[in-house]
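Q: When you line the sequence shown up against this note's numbering, it's residues 53 to 412, in that order.
Where is the CB? At the ideal position from N, CA and C, for every residue including glycine.
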Amino acid sequence: MNQYISNIKPRLDYIDIAKALGMFTIIWGHIIHEGWSNQMVYAFHIPLFFFMSGMVFKAEKYATLWKLIKRRIKTLLLPYLIFSLVTWVLWVGMRILAHDSTDYLYPLLQTFIAQGSSGYLRHNLPLWFVTCLFTVEILYYVINKLPKLSAIITCVIVSVLGCYLEMGGGSLWVTLPWSFDGALVALLFYGSGYWLIGRVSHERLQQVIQNRAVFGWSVIVILIILLYFSSICNGYVTIGSNKLGKSIALFYLNSYVGIVTMILFSVYLSGMKFTGYAQKVKSFIKWFGQNSFYAMATHFPIKELLGRLVDKIFHCNVHTDIEYATLVFIITLIMDSFVVWGCCLIKQKWNIRKKIITFS
53 MNQYISNIKP RLDYIDIAKA LGMFTIIWGH IIHEGWSNQM VYAFHIPLFF
103 FMSGMVFKAE KYATLWKLIK RRIKTLLLPY LIFSLVTWVL WVGMRILAHD
153 STDYLYPLLQ TFIAQGSSGY LRHNLPLWFV TCLFTVEILY YVINKLPKLS
203 AIITCVIVSV LGCYLEMGGG SLWVTLPWSF DGALVALLFY GSGYWLIGRV
253 SHERLQQVIQ NRAVFGWSVI VILIILLYFS SICNGYVTIG SNKLGKSIAL
303 FYLNSYVGIV TMILFSVYLS GMKFTGYAQK VKSFIKWFGQ NSFYAMATHF
353 PIKELLGRLV DKIFHCNVHT DIEYATLVFI ITLIMDSFVV WGCCLIKQKW
403 NIRKKIITFS
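#1: Based on DSSP bridge pairs, tell me the residues matched to K5.
#2: How is F232 classed by DSSP in three states: helix, strand or coil?
#3: Go to V260, then tell me how far its alpha helix (DSSP H) extends in each direction, as first and last residue.
#4: Do the segment 274-282 and the segment 245-260 make contact, defined as three or more Cβ pairs closer than 8 Å?
#5: Suppose the cutoff is 8 Å on Cβ atoms and the five residues either side in sequence are ignored; what does the same chain contact list for Y193 look like?
#6: Excluding the 5 residues preceding and the 5 following S389 in the sequence, name in chain order all residues of the same chain whose CB lies nearer than 6 Å to its CB.
#7: At which residue ranges does the segment 75-112 contain complete alpha helix (DSSP H) runs of 4 or more residues, listed in the order of the chain?
#8: So, using beta-carbon positions, are F381 and I79 closer together than 8 Å?
#9: Which of helix, strand or coil does DSSP assign to G168?
#10: Please name the residue in N196, A203, I204 and L240 whose C-alpha comes closest to that of C215.
#11: Smallest Cα separation from C17: which of Y242, W180, P229 and F181?
#12: Locate the alpha helix (DSSP H) running through T313, then write down its first and last residues.
#13: Where do the ends of the alpha helix (DSSP H) carrying Y132 lie?
#14: Pick helix, strand or coil for Y346, following the three-state DSSP scheme.
#15: Can you grab the Cα-Cα spacing for the pair V273 / V392, in whole Å?
#16: Quick one: using the 10 Å Cβ neighbour count with 16 as the cut-off for buried, is H82 buried or exposed?
#17: State buried or exposed for W402, treating a residue as buried only when at least 16 other CB atoms are found within 10 Å of its CB.
#18: Quick check: the Cα distance between L217 and F326, rounded to an integer number of angstroms?
#19: Quick check: the Cα distance between T139 and V260, rounded to an integer number of angstroms?
#20: Got a sec? Which residues, its chain only, sit under 6 Å from M219 by beta carbon, not counting five neighbours each side?
#21: Checking 8 Å against the spacing of the C-beta atoms, do H371 and E86 come in under that value?
#22: What three-state label does DSSP hand P353 in the structure shown?
#23: Whole angstroms are fine: how far does the CA of L361 sit from the CA of I148?
#24: Taking only the alpha-carbon atoms, compute the straight-line gap between L157 and G341 and give it to the nearest angstrom.
#25: Just the C-alpha distance for F101 and K71, rounded to the nearest angstrom, thanks.
#26: For D65, which of helix, strand or coil comes out of DSSP?
#27: In the DSSP assignment, find the unbroken alpha helix (DSSP H) run with V208 in it and report its ends.
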């Protein structure tokens with residue numbers, strides 16, 4: 053049967069580790085809704101994923117825009133549709149059992165309208181990122197056809213305009229379908245990741261960081277302290293809900309501070325040699341990062357169910373009580389890992405079946 057399994061492309065450990073750590077911050081932010089930890093992770097975790105998406109984007113693979121669109125329909129929109137429909141069915145079931153008379157059809161319609169997260173995709177908020185990434189990649193592919201300096205200037209202007217609109221700068225502004233408004237903001241992060249790897253290869257980037265370990269760890273400590281205070285100053289941030297805090301400047305500062313911190317830490321962690329239990333933990337982190345899409349698409353219903361159960365059993369508020377939030381986070385991570393494993397198994401069997409059909 054191995055003859056039907058296609059060769060696996062080499063992966064970048066530090067990217068997988070950064071994706072996993074980024075997903076941990078996303079899950080934590082969806083559980084705890086108040087306090088410094090929520091503001092700190094929301095300050096950078098979504099920009100981090102757009103930045104990393106830009107780092108691995110290869111524009112030369114797509115001769116035309118239509119080829120990119122076809123590819124992303126297969127790799128982004130089809131999985132998005134499947135996970136949205138499945139989790140919507142589960143969400144409706146939970147609401148019926150809870151005797152909640154909310155509008156069941158509105159979130160389903162939002163699967164296709166895709167106006168953002170909060171208040172729209174109620175059944176699975178994180179899925180807004182998928183349509184937003186799809187929109188970002190289309191926008192960037194077109195802009196990237198411009199001369200390099202023009203492309204950079206265009207990305208900056210478009211992103212600042214998006215920030216202005218998301219912060220209520222336009223009197224006629226409404227949340228746009230397909231997360232187009234969020235895509236304007238995210239465009240600069242995506243482009244930054246692409247430009248970085250265009251100038252410095254992944255291998256060279258890792259080599260430079262690894263060769264300056266003492267300096268790098270010092271920078272990490274300083275950046276974490278800066279992010280802590282700066283994120284508190286800027287307040288709550290979420291691109292998917294059109295909230296960028298009190299200042300566009302602080303929004304960008306915190307985003308890039310968080311991005312640099314995570315990239316540095318992930319490079320160092322990827323280069324560390326462990327044994328025993330520590331090595332298993334590192335392997336799990338890499339595996340979780342490799343399958344971060346599944347984690348993003350499935351953790352929200354799990355944490356919602358666990359949160360309700362813990363609230364009911366312990367008569368607490370998981371969203372504000374850090375001790376119970378930590379408990380829900382740990383259990384969510386464990387349960388979601390099994391769900392992600394199941395998704396990987398289904399995908400593997402489906403790919404093998406396609407190979408068999410192709411060769412038969």
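A: In brief:
#1: Given a span of 53 to 412 for the chain in the structure shown, any question on residue 5 remains unanswerable.
#2: For the purposes of this step, residue 232 is taken as residue 180 along the sequence shown, with counting starting at 1. In the displayed model, F232 falls within a helix according to three-state DSSP.
#3: For the purposes of this step, residue 260 is taken as the residue at position 208 of the sequence shown. In the DSSP annotation of this structure, the continuous segment of the alpha helix (DSSP H) that includes V260 starts and ends at H254 to Q262.
#4: In short, these stretches do not touch, since the Cβ pair count stays below three.
#5: On the sequence shown, position 141 is the one that residue 193 refers to. A111, Y114, L117 and L120.
#6: If you number the sequence shown from 1, residue 389 lands on position 337. If we look at S389 and ignore the five residues flanking it on each side, it has no Cβ neighbours.
#7: Taking only runs of at least 4 residues, the alpha helix (DSSP H) segments lying wholly in the segment 75-112 are 88-94 and 97-108.
#8: Stepping through the sequence shown from its first residue, residue 381 is reached at position 329. Stepping through the sequence shown from its first residue, residue 79 is reached at position 27. Against a cut-off of 8 Å, the Cβ pair of I79 and F381 comes out as a contact.
#9: Against the sequence shown, residue 168 aligns to sequence position 116. DSSP places G168 in coil when its eight states are reduced to three.
#10: Looking up residue 215 in the sequence shown gives position 163. C215 has its Cα closest to that of L240, out of N196, A203, I204 and L240.
#11: The structure shown does not extend to residue 17, since the chain spans only 53 to 412, so no value can be given for it.
#12: In the sequence shown, residue 313 corresponds to position 261, counting from 1. I300 to G323 is the extent of the alpha helix (DSSP H) around T313.
#13: Here residue 132 refers to the residue found at position 80 of the sequence shown. Under the DSSP assignment, Y132 falls in the alpha helix (DSSP H) whose first and last residues are L130 to L149.
#14: Position 294 of the sequence shown, counted from the first residue, corresponds to residue 346. If DSSP states are grouped into helix, strand and coil, Y346 belongs with the helices.
#15: Here residue 273 refers to the residue found at position 221 when the sequence shown is read from its first residue. Here residue 392 refers to the residue found at position 340 when the sequence shown is read from its first residue. Taking the straight line from one Cα to the other gives about 32 Å.
#16: Translated into the one-based positions of the sequence shown, residue 82 becomes position 30. For H82, the number of other beta carbons within 10 angstroms of its own is at least 16, and it is reported as buried.
#17: Position 350 of the sequence shown, counted from the first residue, corresponds to residue 402. Its Cβ having fewer than 16 others within 10 Å, W402 is exposed.
#18: Residue numbering aside, residue 217 sits at position 165 when the sequence shown is read from its first letter. Residue numbering aside, residue 326 sits at position 274 when the sequence shown is read from its first letter. Near 47 Å, if we compare the C-alpha coordinates of F326 and L217.
#19: Your numbering for residue 139 matches position 87 in the sequence shown. Your numbering for residue 260 matches position 208 in the sequence shown. T139 and V260 have their alpha carbons spaced roughly 43 Å apart.
#20: Within the sequence shown, residue 219 is the residue found at index 167, counting from 1. Cβ neighbours of M219 beyond the five flanking positions: L296.
#21: Sequence index remark: in the sequence shown, residue 371 carries index 319 (1-based). Sequence index remark: in the sequence shown, residue 86 carries index 34 (1-based). Contact check for H371 against E86 passes: the beta carbons are separated by less than 8 Å.
#22: Walking along the sequence shown from the start, residue 353 turns up at place 301. Reduced to three states, the DSSP call for P353 is helix.
#23: Within the sequence shown, the letter at position 96 stands for residue 148. Within the sequence shown, the letter at position 309 stands for residue 361. In this structure, the straight-line span from the alpha carbon of I148 to that of L361 is close to 16 Å.
#24: Translated into positions along the sequence shown, residue 157 becomes position 105. Translated into positions along the sequence shown, residue 341 becomes position 289. L157 and G341: Cα-Cα distance of roughly 33 Å.
#25: Working through the sequence shown from its first residue, we reach residue 101 at position 49. Working through the sequence shown from its first residue, we reach residue 71 at position 19. If you take the alpha carbons of F101 and K71, they lie about 7 Å apart.
#26: Locating residue 65 in the sequence shown gives position 13, counting from the first residue. Assignment of D65 by DSSP, reduced to helix, strand and coil, places it in the helix class.
#27: As a first step, residue 208 must be located in the sequence shown, where it is residue number 156. First-last of the alpha helix (DSSP H) with V208: K200 to E218.
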